[in-house]
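What follows is a single structure, written as structure tokens, with notes after it.
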Amino acid sequence: MEIPSKYDPTAVEDKWNSFWAENELFRSTPDDRPSYTVVIPPPNVTGVLHMGHMLNNTIQDVCVRRARQMGYNACWVPGTDHASIATEAKVVQLLRQQGIKKSDLSREDFLKHAFEWKDKYGGIILSQLRKLGASVDWKRTAFTMDDAYYQAVIRVFVDLHKKGYIYRGLRMINWDCEAKTALSNEEVIYQENGETSLLYHVRYAIEGSGETLTIATQRPETIMGDVAIAVNPSDERYKHLIGHFALVPMIDRRIPIIADDYVEKDFGTGCLKVTPAHDPNDYEIGQRHKLPVIDTINDDGTLNEKCELPEYVGLDRFEVRKKVVARLKTEGLLVKEEEFITRIGRSERTQTVVEPKLSLQWFIKMKDISQQALQAVESDEIKLHPAKFKNTYRHWMENVRDWCISRQLWWGHRIPAYYFGSGENDFVVAESETEARHQAADRLGINPAEVQLRQDEDVLDTWASSWLWPIAVFDGFNDDYFDKKTGKINLSANKELSYYYPTKVLVTAPEILFFWVARMIIAGYEYLDMPPFADVYLHGIVRDKQGRKMSKSLGNSPDPLDLIKTYGADGTRVGMLLSSPAGNDLLFDESLCEQGRNFSNKIWNAFRLVSGWEAANIEQPASASFAIEWFESRFNQQLQLINESYDKYRISEALMITYKLIWDDFCSWYLELIKPAYQQPIDLKTLSATKKIFERILGILHPFMPFITEEIWQYLTDDQVKTCCSLSQWPTGGMVNQSIIDQFESSAQVIAEIRTIRLQNNLPNKEKLTLFRRGSEGQAIHEAAVQKLGGLEQIIDTADKVDNAYTFISGRTEFFIPFGQNVDIEAERQKLQDELTYTLGFLELVMKKLNNEKFVSSAPAAVIDNERKKKEDAESKIAILTDKLSALK
RNA sequence: GGGAGAUUAGCUCAGUUGGUUCAGAGCACCUGCCUUACAAGCAGGGGGUCAUAGGUUCGAGCCCUAUAUCUCCCACCA
């Protein structure tokens, strides 16, 4: 059979992907094994795979595949998030392209469009995940708006309302005038260096005096909503005016001049116009001074009749700003315009300038409900990796603010509040309309049929559904398990949940530590008194080589599917992980994937070599038995390190150890040592040991490179039971024979010296050399191995030094290779001189320590002994070198 | 403004309680090789005052103090 010298991933990957899928290899159902559960951070249902997903899911797959090999019942649950704002924005945009305005549609019609769209384009990302090799249980694919999930979200709302955690309140919120929705703080973005804006200095007349006051404002269009002017109480310039009244320009409404510490004397003019409806701080000042609220701006950003100037009603706020400025200028009230840098908040989704707005919204009280979640991380019941995020987490949790969970959208879970009157408290909260109707009827004392019900128009914040993800995907809130009286889940009744929950590790980005991670922890304790996961692995953002965030507009984000096509899924996975320490951002460079692909190829060729050998019943060479014995110890030693790295979630470190073990130790050393001469057969013993070693190597490599390992596995194994590398056992450790590892190290060092001499003196590899050895009591080398890889004719022990020879020292042993024709004595002398100089310097440092009485008296014995040994070694080396140098002269 | 973290080779990063030749790895770079698994390769090599200045210690990349620079998070001035 001819195997190509270059590994072609495409066909192999398709083959195994279909095989895994058809055989449901990653299907998980509860059994006797311990569980290892991972829930995917659900990507937006409308999303397409980008580099961030690539990294995120590769890490998860590595953990899950290894756990599966280690004998856990690994269950990785895939799914998607309905992502209310993001998806609704996309649907609205699409409809607009078709000439349909959202405002022309009824809620039902809009949702129909949205679901059609979701069915058509949604979940593309999941099929893309398959290409990457993600070993998820496809049968468990969940969606945050599945019927059962929807019900869970509503049930939790009702429950939290009952428990008193949910309330409805008037709050200053961030308002997106274009999407006409409230935004959470986290959905408001600020440009990095601020934006240039104008600060307008506007003169206000003071009632009953000729004096005027000048205020500075960014937002002259809100002047008509002014209810006061505030100054700092200690500001001498304005003290005498406190208690007087000013007149709002253009409309001449009387407003008080008040004193408030919030005002900074040094900013602007030291006078602040107070507009409670349009600024959060002004709102608070207004509350403190019991001032009225005049809301002059509509939901869509246009002005309303409260501005008292009919000509502005219906115009957009920015349009009005221009007109107001012009008018103030004409009336001589505009003192000056000043440029300054400010940080303007914009909607993450629509880029519109965010409008602070007073509004009735639904909130979750966070303080009490989050206490256990804070504790859990503090006490390491939940471990964050890297641990530095503990600080960030604590800081946020200790200063947690109430969570505004209502969004003025249609796509999402509709808030289960039903209004039956116009009073502020004329509403009930219930899981169904029927139930609401009965409750309302009770409140009103009338027949349920007569109640006029109106359900709240708003939907819930996306995170108010995804925070239930680790519970809801296992049906935790189902009727059978959820106790409405206690508001707890009866875990023992739910076989799935009690088996799979808590999950093992959550892999996600630090940017959503609060949005999502913290809230899942809160929900876990609220409903199960248990954490949702044991570990949280926080990986960084994928950036480009120059450290810029990857974005569509910069065009600096490669398409992961293209990378997979070019470098193979295995190569791309390795590329992603090569430079990805936990918690640090990853500076992605396509050459890393190239390195990954080259690694695939290296393994492929190692396999080609081994599979091409003819076996014969011949004696096993000494170099081969040594190689096998050494490699087994080496493997066991490195496996231990790999396992430790995994335990600490240092995935890229685990990969690097694996990479070097395979490339350097296995390919460069082991295979070269056992390789039979050209067209010679290999002995049976060595071949079978090598196949076993190869299997173990595939085992540790499998989590990183599932496809190529699966492919090679098929050729290597005759064992019908373990036909799949994906289901193979994670290699178990074994004995580490340190003395054989040391022997190998010494031998390798000698081989390298011989190779250097060859290279520096143009001695062809084909020319067999003779190596003389003098004084071998120090480190033992393995003669057969050195002979083979050094290209030696023979090794001869000698009691005397050999003249006219290249020399080197390894340990306390001297080695000689007699000169051939092309010899550069001067270079040889210089080499020895350099080594002597270095060793003398080294000895000096050691002696400095040993002559220091305080060192000798206070350092531990082991450290001192070591210094003594260093001294002896150095002295003997100096003697040899001096000797040689004189011989060369 | 508040908080957290970082600064080690050209680049990205390790360096676990201060003590093995501790100054490391990968990539990049340089030199020589198309040697029979692999040029997507092989062999060899150069490269760092561990940000700066002090301090503690027999001994500091590691501990302490100050300074500089950078990153992130939170809050935010009309």
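Everything in the first sequence is counted per this note's numbering, starting at 143 for the first residue and increasing by one. Beta carbons are placed, not taken as given, at the ideal position from N, Cα and C, and that holds for glycine. All of these numbers come straight from a predicted model, not from anything done at the bench.
CA nearest to the CA of residue i, picked from the options
{"i": "Pro176", "options": "Ile145, Pro184, Gln211 and Lys157", "result": "Gln211"}
{"i": "Glu895", "options": "Pro848, Asp568, Cys449 and Thr955", "result": "Thr955"}
{"i": "Ala518", "options": "Thr179, Lys499, Tyr812 and Val659", "result": "Val659"}
{"i": "Ala529", "options": "Ala419, Leu680 and Glu977", "result": "Leu680"}
{"i": "Ile816", "options": "Gln780, Glu852, Ala764 and Pro845", "result": "Ala764"}
{"i": "Leu610", "options": "Phe730, Gly265, Lys532 and Ile631", "result": "Ile631"}
{"i": "Met847", "options": "Cys205, Ser147, Val180 and His192", "result": "Cys205"}
{"i": "Asn946", "options": "Lys1026, Ala225 and Tyr307", "result": "Lys1026"}
{"i": "Arg310", "options": "Glu566, Phe168 and His343", "result": "Glu566"}
{"i": "His420", "options": "Val405, His431 and Ile439", "result": "Ile439"}
{"i": "Asp976", "options": "Phe957, Tyr342 and Phe950", "result": "Phe950"}
{"i": "Val477", "options": "Arg469, Ile483 and Thr484", "result": "Arg469"}
{"i": "Asp617", "options": "Thr650, Tyr669, Lys627 and Lys646", "result": "Tyr669"}
{"i": "Tyr641", "options": "Pro906, Tyr214, Ala163 and Ala1001", "result": "Tyr214"}
{"i": "Asp301", "options": "Asp625, Ala651, Tyr801 and Lys930", "result": "Asp625"}
{"i": "Tyr307", "options": "Asn533, Ile804 and Lys509", "result": "Lys509"}
{"i": "Tyr948", "options": "Gln762, Gln929 and Gln902", "result": "Gln902"}
{"i": "Lys687", "options": "Tyr667, Glu732 and Asn726", "result": "Glu732"}
Paired residues, beta bridge with residue i - DSSP
{"i": "Cys1034", "result": "What is shown of the chain runs 143 to 1031, which leaves residue 1034 out entirely."}
{"i": "Gln503", "result": "Gly311"}
{"i": "Ala401", "result": "Val373"}
{"i": "Pro498", "result": "Asn316"}
{"i": "Lys1032", "result": "Nothing can be reported for residue 1032: it is not among the residues displayed for the chain, which extend from 143 to 1031."}
{"i": "Glu956", "result": "Arg916 and Ile951"}
{"i": "Ser721", "result": "According to DSSP, Ser721 bridges with nothing at all."}
{"i": "Arg971", "result": "Answer is none; Arg971 lacks a bridge partner."}
{"i": "Arg549", "result": "Val601"}
{"i": "Trp218", "result": "Val180"}
Any non-hydrogen atom of the ligand FMN within 7 angstroms of residue i CB
{"i": "Met366", "result": "Absence of the ligand FMN from the depicted structure is noted, as is the absence of any ligand whatsoever, leaving it without description."}
First and last residue of the uninterrupted alpha helix (DSSP H) at residue i
{"i": "Glu353", "result": "Run containing Glu353: none; DSSP gives neither H nor E here."}
{"i": "Phe808", "result": "No alpha helix (DSSP H) contains Phe808, which DSSP labels as neither H nor E."}
{"i": "Cys205", "result": "Met193 to Gln211"}
{"i": "Ile1022", "result": "Ala1003 to Leu1030"}
{"i": "Gln880", "result": "Gln880 to Gln902"}
{"i": "Leu781", "result": "Ala764 to Asp789"}
{"i": "Val233", "result": "Ser226 to Gln239"}
Residues of its chain near residue i, where Cβ-Cβ distance is below 7 angstroms and the 5 sequence neighbours each way are ignored
{"i": "Cys809", "result": "Lys744 and Ala748"}
{"i": "Thr709", "result": "Residue identity check: residue 709 is Tyr in the sequence provided, not Thr. So the qualifying residues of the chain are Gly717, Cys735, Glu736, Gly738 and Arg739."}
{"i": "Gly875", "result": "Asn778, Leu781 and Gln782"}
{"i": "Gln891", "result": "Ser952"}
{"i": "Glu852", "result": "Trp158, Cys866, Cys867 and Ser868"}
Sequence-distant residues of its chain with Cβ nearer than 8 angstroms to residue i (five each side left out)
{"i": "Lys1013", "result": "Leu985, Val988, Met989 and Leu992"}
{"i": "Ser1018", "result": "Arg954"}
{"i": "Leu389", "result": "Tyr346, Ala347, Ile348, Glu349, Arg395, Arg396 and Ile397"}
{"i": "Ala757", "result": "Pro823, Ile824, Asp825, Leu826 and Leu829"}
{"i": "Thr981", "result": "Ala1016, Lys1019, Ile1020 and Leu1023"}
{"i": "Gln198", "result": "Correcting the residue identity first, residue 198 is Asn in this sequence and not Gln. Same-chain partners within the cutoff: Pro183, Val649, Thr650, Ala651 and His681."}
Unbroken beta strand (DSSP E) run spanning residue i, endpoints
{"i": "Ile951", "result": "Ala947 to Ser952"}
{"i": "Glu479", "result": "Leu476 to Thr484"}
{"i": "Ser489", "result": "Gly487 to Ser489"}
{"i": "Phe387", "result": "Phe387 to Leu389"}
{"i": "Glu937", "result": "Looking at the sequence itself, residue 937 is Ile, so the reference to Glu does not match. Looking at the DSSP string, the run of the beta strand (DSSP E) that includes Ile937 is Leu934 to Asp939."}
{"i": "Ser868", "result": "Premise fails: Ser868 is in no beta strand (DSSP E) and is neither H nor E."}
{"i": "Thr650", "result": "Thr645 to Thr650"}
Proximal residues to residue i (C-beta, below 6 angstroms), its chain only, five neighbours per side dropped
{"i": "Glu155", "result": "Ala711 and Phe849"}
{"i": "Ile524", "result": "Ala518 and Pro673"}
{"i": "Lys833", "result": "Leu858"}
Would you check if there are 3 or more beta carbon pairs closer than 8 angstroms linking the region 760–773 to the region 821–832?
Flag = yes, the region 760–773 and the region 821–832 touch.
Would you call the region 697–708 and the region 668–676 in contact, with 3 or more CB pairs under 8 angstroms?
The region 697–708 and the region 668–676 do not touch, with fewer than 3 CB-CB distances between them shorter than 8 angstroms.
Decide yes or no for the touch test of the region 590–599 against the region 272–281: beta carbon pairs closer than 8 angstroms, at least 3 of them.
No, because fewer than three Cβ pairs between the region 590–599 and the region 272–281 fall closer than 8 angstroms, the two stretches do not touch.
Should the region 359–376 be called in touch with the region 390–402, which here means at least 3 C-beta pairs below 8 angstroms?
In short, these stretches touch, since the Cβ pair count reaches three.
Is there contact here, the region 206–226 with the region 864–873, by at least three beta-carbon pairs under 8 angstroms?
Cβ pair count under 8 angstroms is three or more, so yes.
Within the chosen definition, does the region 553–570 reach the region 285–301 through at least 3 CB pairs nearer than 8 angstroms?
Contact holds: three or more Cβ-Cβ distances are below 8 angstroms.
Determine, using beta-carbon pairs with one atom in the region 569–579 and one in the region 236–253, whether at least three such pairs fall under 8 angstroms.
Touching, no.
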